[in-house]
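Since the structure comes first, as C-alpha cells, the remarks are kept for the end.
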Amino acid sequence: MADYLVIVESPAKAKTIGKYLGKKYTVKASMGHVRDLPKSQMGVDTENRYEPKYITIRGKGPVLKELKTAAKKVKKVYLAADPDREGEAIAWHLAHSLNIDETSPCRVVFNEITKTAIKDAFKDPKPINMDLVDAQQARRILDRLVGYNISPLLWKKVKKGLSAGRVQSIAVKMIIDREKEIQAFIPEEYWSIEGTFSTGEESFEAKFHQLDGKKTNLQTQDDVNEVTGRLKGDDFTIQTVTKKERKRNPVLPFTTSSLQQEAARKLNFRAKKTMMIAQQLYEGIDLGKKEGTVGLITYMRTDSTRVSETAKAEVKSFIEEKYGDEYTRKEKQQPAKKKNNTQDAHEAVRPTSVMYEPKNVKANLSRDQYRLYKLVWERLVASEMAAAVMDTMSVDLENNGVMFRATGSKIKFAGFMKVYVEGRDDGKKEEDRLLPDLKEGQEVQKVEIEENQHFTQPPPRYTEARLVKTMEELGIGRPSTYAPTLDTIQRRNYVSLQDKRFVPTELGEIVLELVVEFFPEILDVAFTAKMENDLDFVEEGSENWIEIIDAFYQGFDKRLKVAEEEMREVEIKDEPAGEDCELCGNAMVYKMGRYGKFMACSNFPDCRNTKAIVKDIGVKCPTCKTGNVVERKSKKQRTFFGCDRYPECEFVSWDKPISRVCPKGDHLLVEKKTKKGVHVECTVCDYKEEPN
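Using full-length UniProt numbering, read the sequence shown as starting at 1 and increasing by one per residue.
Written as C-alpha cells, this is what we have:
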C-alpha cells in the first residue's frame, strides 16, 4: 500500500507524475476545482467583509469522496495543482475538503513535469501560499460582484442570457471603438512614383525620393506631373551608394501572450485552441516504452521571458553541436522590460529539454500538437543563437534634380534565422532584396516609370493576436484570461469573426452603451489596469484583498441602485429573413444561436420551424447533377460547401467549387486560398491555374 497521496488536476498529469514518483505514491486527479461559488446566487456576503460562500461543485461529489477515502489510507497528502493563483486556490479548497492543515508542508510546486523537477519539488514541500489564494479569491469575488449584479439588470432591460464582466467589457469596447474609427475614417489621396532601371545586364526597382534635394509629398496628379515633367531622357546617374552591415537580434522566448499571437500568425490557431494544446504538451505525452509519458513544455501561463541557467546551458551545447560555435550567442541577451505587473515566478514557455527535437517526437504527437511544440522548441533555440547579420545597400540615382532611391538587403550570416523567424501580422515572409553591384557615377537606363494613385486606409479590425497584444500592452487581463475572454464575447454574440477579424454586433453595441452610461469605471482602461495591479499586490502580500474589493464596491453599489431605477429598456427586434415559413406562412427572421445565425419562424413558440442560412453560389452539384452547391457554416463557424439536396446527396467540400470543369478531364475545379492569393486547381489531377 502507498504511503503518500498526491493530488493533481488532470488524469494526464497524474499519469506523468506517477511514473516519476514510484510505488510509495498514489497520484489522483481532482479534475480541476472541487469547490466554487454557487451558480444560483451571488455567493458573496457584502455585509460581512465579502465572505465567500463555497459549495462543492455539482458532479464533483464522487471525485471528492474518492479523494477522502484515499487520504485516510496514507501517511501524508501532497497537493500538486498547477503553479499559479488558480492552482493555489484548488490546493486550498482541497485542503479544506480533506481536513489538511494549510500551514503544514503539503504543497508541492513545479514549473515543468520532468523527473528532476518533480523529485526536487517533493524534497521541499511548503505550506499553501495564502497570498496567492487571496489574489485568486479577490479576482473571483470581484468578477462575481460585477457579473451577478450587472447581468440580471441586462436580462431585465435588454434580453436574457447577457453578461458583463471587467475584462470582457473592455475587450468589446476596444472592438467597437476600432469599428467607430473605421466608419469615421476619411481616405486621403496620395501618389507614388516607381521606376524600373537597367545597368544593361541587370534590372532593379527604385522609388521617387526627392526633388531638388527636398522631400516632396505627392498628394495629387499635379504633384506627380511636376516631378515627371522634370525628367530629361532615359539616363540616370548613380549619385551615392551606401553599404552597411546591420545586426538583427533574436526574439525572446515565449510568454503566454506572445505564444498565442505567434500561433495565430503562423498556425492559424485561435487563442483557446493554443492554450488547450499547450496544456496537453505540459501535462505529458506518451513517447513510447523507452521514454514513457513526458511533459514536453514548461507551464504555459506566464508573462516572464526568463529561462533557467540549466536550460540555457543545454541549449547552448545543442547549438554548438548542431550548428557550430559561431551560431551560439556570445553577448548577454537583454531581457524584456519588466512591467509593474509582470509575474516572474515562472520561466518562459519553453521545451522541458531541447533534446526532444520536434522531428524525433513527431510520431507521438497529433498534427496540431507537433506544430505548436515545434514553434515553442524553435523559439527557445533561436533565442540562444547569435544575431543575424544583414548586408544592406541604399542607392540614390538622379536625373535633372529628380532623385530615386533603391534599397536592398541580403543575409550575410543567418544566425538565429537559420532556425526561426518571427511571424508578421501581414502574413508576408521576409526575402532578400538584391541590387546589382552599382557604383557612384555609373549611368543606368530608365526602363519604365509607373505612377500609382493610393488612398490612406483606415486602421484594421482586430485579429485575435492583435487584440491579445493590445490588451497586454494596456495591462488589461492576465495570461490566463485572454483565451476565455475572447471565447466569451463571441459566445454572447457581442462580436463575430469575419475573415478572422472581430466585428461588433448590434447586441454588443447596445450592451456596451448601457454599461458605459451607468458603470463607466468598468470600461475605463486606466481603472481596470490599476485594479489588475492592485490584485497583483495582493499576491505579493503587500495589499489586503478585502480593502481593495471594498474600495471598488462602495461606489459600484451606488451606481447599481441608480441603474436599476434609470436604465431604459431596449427592445431588440429580429431581423426579417426575407422569406415566409413553409409550415405556417408567417415571416422567417434571423436568430442567433449557439453556433451562429439561423432562420426561425416569427410565430415561435406556436411554430418551431428553423432553417440553416445557406447561400447559393451558382454551381450545379458535381455529384448528383441536379442539386445546387450552397455555402454553409459548420458548428465551429467554418465555411464549407455542400449540395442543397442533403441528406439525399452528401457532396461536401471545404474549397469553393466553380462552374468551369477541368480541361484535362471534366473534373471539379475549386478555388484554393493561399497567402499569395486565390488559385484554381483540379480535385482529381494536377491541373492548376496561377493565383489571381
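Glycine included, every Cβ here is placed at the ideal spot set by N, Cα and C.
Bear in mind the structure is a predicted one, so any value in this text is a computation, not a measurement.
**Message:** Do Ile-297 and Val-376 have their beta-carbon atoms positioned less than 8 Å apart in this structure?
**Reply:** Position 376 of the sequence shown, counted from the start, is the residue given in the question as residue 376. Position 297 of the sequence shown, counted from the start, is the residue given in the question as residue 297. Contact flag set, yes.
From what residue to what residue does the alpha helix (DSSP H) around Phe-527 run?
By 1-based counting over the sequence shown, the position of residue 527 is 527. Unbroken alpha helix (DSSP H) run through Phe-527: 525-540.
Point to revise | Residue from Thr-639, Lys-633, Arg-645, Val-614 whose Cα sits closest to the Cα of Thr-626 | key: Reading the sequence shown from its first residue, position 626 is the one you call residue 626. Nearest option by C-alpha distance: Arg-645.
What residue does the beta strand (DSSP E) around Pro-657 start on, and which one ends it? Walking along the sequence shown from the start, residue 657 turns up at place 657. Where Pro-657 is concerned, the enclosing beta strand (DSSP E) starts and stops at 656-661.
*Take the Cβ of Thr-228 as the centre, count every other Cβ of all protein chains shown within 10 Å, and call the residue buried at 16 or more, exposed below.*
Counted from its first residue, the sequence shown places residue 228 at position 228. Taking all protein chains in view, the Cβ of Thr-228 is surrounded by fewer than 16 other Cβ atoms within 10 Å, so the residue is classified as exposed.
Tell me whether Glu-690 sits in a helix, a strand or coil according to DSSP, three-state version. By 1-based counting over the sequence shown, the position of residue 690 is 690. Glu-690: coil per DSSP, three-state reduction.
Going by the CB atoms, is the gap between Ser-163 and Arg-492 shorter than 8 Å? The residue labelled residue 492 in the question sits at position 492 within the sequence shown. The residue labelled residue 163 in the question sits at position 163 within the sequence shown. Yes, Cβ-Cβ distance for Arg-492 and Ser-163 is below 8 Å.
TODO: Could you tell me the distance, in whole angstroms, from the CA atom of Gly-541 to the CA atom of Ala-91?
DONE: Reading the sequence shown from its first residue, position 541 is the one you call residue 541. Reading the sequence shown from its first residue, position 91 is the one you call residue 91. Spanning the two alpha carbons is a distance of roughly 18 Å.
* Please say whether Asp-432 and Lys-410 have beta carbons closer to each other than 8 Å? => What you label residue 410 is simply residue 410 of the sequence shown in a count that begins at 1. What you label residue 432 is simply residue 432 of the sequence shown in a count that begins at 1. Their beta carbons are under 8 Å apart, which means Lys-410 touches Asp-432 by this criterion.
request  = List the residues that DSSP assigns as beta-bridge partners of Tyr-54.
outcome  = Translated into the one-based positions of the sequence shown, residue 54 becomes position 54. BP columns for Tyr-54 are empty, so no partner.
Q. In chain order, what residues of the same chain have a beta carbon less than 6 Å from the beta carbon of Asp-368, not counting five sequence neighbours either side?
A. The sequence position of residue 368 within the sequence shown is 368, counting from 1. Spatial neighbours of Asp-368 in its own chain (CB-CB distance under 6 Å, excluding positions within 5 residues in sequence) are listed in chain order as Ile-277.
**Prompt:** Taking just the CA atoms, how far does Asp-686 sit from Glu-648?
**Reply:** If you number the sequence shown from 1, residue 648 lands on position 648. If you number the sequence shown from 1, residue 686 lands on position 686. Cα to Cα, Glu-648 sits roughly 30 Å from Asp-686.
Margin query: Are the CB atoms of Gln-260 and Tyr-482 within a distance shorter than 8 Å?
Written below: The residue labelled residue 482 in the question sits at position 482 within the sequence shown. The residue labelled residue 260 in the question sits at position 260 within the sequence shown. The answer is yes: Cβ separation under 8 Å.
Taking Cβ positions, are Met-599 and Ile-617 nearer each other than 8 Å? Translated into the one-based positions of the sequence shown, residue 599 becomes position 599. Translated into the one-based positions of the sequence shown, residue 617 becomes position 617. Not closer than 8 Å, so no.
Is Ser-198 helix, strand or coil by DSSP? Stepping through the sequence shown from its first residue, residue 198 is reached at position 198. DSSP places Ser-198 in strand when its eight states are reduced to three.
Check your understanding: In terms of residue numbering, what span does the alpha helix (DSSP H) encompassing Glu-205 cover?
Key -> Walking along the sequence shown from the start, residue 205 turns up at place 205. Where Glu-205 is concerned, there is no enclosing alpha helix (DSSP H), although the beta strand (DSSP E) around it starts and stops at 203-211.
Note to self: Tell me the rounded alpha-carbon separation between Thr-116 and Pro-11.
What the structure shows: Along the sequence shown, read from residue 1 onward, the residue named residue 116 stands at position 116. Along the sequence shown, read from residue 1 onward, the residue named residue 11 stands at position 11. Rounded to whole angstroms, Thr-116 and Pro-11 show a C-alpha spacing of 21 Å.
Worksheet item: Excluding sequence positions up to five away, which residues of its chain have a Cβ less than 6 Å from the Cβ of Pro-458?
Response: For the purposes of this step, residue 458 is taken as the residue at position 458 of the sequence shown. Excluding residues within five positions, the ones whose Cβ falls inside 6 Å are Ile-182, Phe-185.
- Message: Measuring only the C-alpha atoms, how far is residue 693 from Pro-62?
- Response: Nothing can be reported for residue 693, as the shown portion of the chain is limited to 1 through 692.
Please work out which residues of its chain come closer than 6 Å, Cβ to Cβ, to Asn-249, disregarding the five sequence neighbours upstream and downstream, and give them in chain order. Counting from 1 along the sequence shown, the entry for residue 249 is found at position 249. Shown here for Asn-249: same chain residues with a beta carbon closer than 6 Å to its own, the five before and five after excluded, namely Ala-387 in chain order.
Check your understanding: Based on Cα-Cα distance, which residue from Thr-305, Gly-18, Lys-123 lies nearest to Gly-292?
Key -> Working through the sequence shown from its first residue, we reach residue 292 at position 292. Gly-292 has its Cα closest to that of Gly-18, out of Thr-305, Gly-18, Lys-123.
Tell me the DSSP secondary structure of residue 710 in three-state form. Absent from the structure is residue 710, since the part of the chain shown begins at 1 and ends at 692.
key: Neighbour flag for Ser-409 against chain B, beta carbons, 8 Å   = No chain B is part of this structure, which consists of one protein chain only.
Checklist entry - Using a Cβ-Cβ cut-off of 7 Å (strictly less than) and excluding sequence neighbours within five positions of Gln-136, which residues of its own chain qualify? => result As a working mapping, residue 136 is identified with position 136 in the sequence shown. Around Gln-136: Arg-85, Glu-86, Glu-88, Ala-89.
Which same chain residues end up closer than 7 Å to Thr-196 when comparing Cβ atoms and leaving out the 5 residues on each side of it in sequence?
Start at 1 with the first residue of the sequence shown, and residue 196 comes out as number 196. Counting only Cβ-Cβ distances below 7 Å, and skipping sequence neighbours, we find Ser-203, Glu-205, Val-447, Glu-448.
Of the residues Arg-49, Leu-132, Pro-125, Leu-435, which one's Cα is nearest the Cα of Lys-243? By 1-based counting over the sequence shown, the position of residue 243 is 243. Measuring from the Cα of Lys-243, the nearest candidate turns out to be Leu-435.
**Request:** Could you tell me which uninterrupted alpha helix (DSSP H) segments, each at least 4 residues in length, are contained entirely in the region 37-97, listed from first to last along the chain?
**Result:** Listed in chain order, the complete alpha helix (DSSP H) runs (minimum 4 residues) inside the region 37-97 are 61-72, 85-97.
*Start and end of the beta strand (DSSP E) containing Phe-236?*
Counting from 1 along the sequence shown, the entry for residue 236 is found at position 236. Phe-236 -> beta strand (DSSP E) spans 235-248.
Label Ile-548 either buried or exposed according to how many other C-beta atoms from any shown protein chain fall within 10 Å of its C-beta, with 16 as the threshold for buried.
-> Position 548 of the sequence shown, counting from 1, holds the residue named residue 548. Under this definition Ile-548 is a buried residue.
Query raised in the report: Which residue or residues does DSSP assign as beta-bridge partners of residue 701?
Result: Not covered by the structure: residue 701. The range shown for the chain is 1 to 692.
> From Leu-218 to Ala-263, what distance separates their C-alpha atoms?
Replying inline: In the sequence shown, residue 218 corresponds to position 218, counting from 1. In the sequence shown, residue 263 corresponds to position 263, counting from 1. A straight-line Cα-Cα distance of about 39 Å links Leu-218 and Ala-263.
- Message: On the criterion of 16 or more Cβ atoms from any shown chain inside 10 Å, does Asn-340 qualify as buried, or is it exposed?
- Response: For the purposes of this step, residue 340 is identified with residue 340 of the sequence shown, where counting begins at 1. Low per-residue confidence applies at Asn-340: pLDDT is 47, beneath 50, and the placement is therefore not dependable enough to give any value.
Please report how far the alpha carbon of Val-349 lies from the alpha carbon of Leu-535, in whole angstroms.
As a first step, residue 349 is located in the sequence shown; it is residue number 349 there, counting from the start. As a first step, residue 535 is located in the sequence shown; it is residue number 535 there, counting from the start. Answer to the nearest angstrom: the Cα atoms are 23 Å apart.
- By how many angstroms is the C-alpha of Val-241 removed from the C-alpha of Glu-283? Within the sequence shown, numbered from 1, the residue matching residue 283 stands at position 283. Within the sequence shown, numbered from 1, the residue matching residue 241 stands at position 241. For Glu-283 and Val-241, the distance between alpha carbons rounds to 56 Å.
Using CA atoms only, rank isn't needed, just tell me which of Leu-380, Asn-99, Lys-273, Val-251 is closest to Ala-311. Counting from 1 along the sequence shown, the entry for residue 311 is found at position 311. The candidate whose alpha carbon is nearest that of Ala-311 is Leu-380.
Gly-677, enclosing beta strand (DSSP E) - first and last residue
Counting from one through the sequence shown, the residue named residue 677 turns up at place 677. Run containing Gly-677: 677-682, per the beta strand (DSSP E) assignment.
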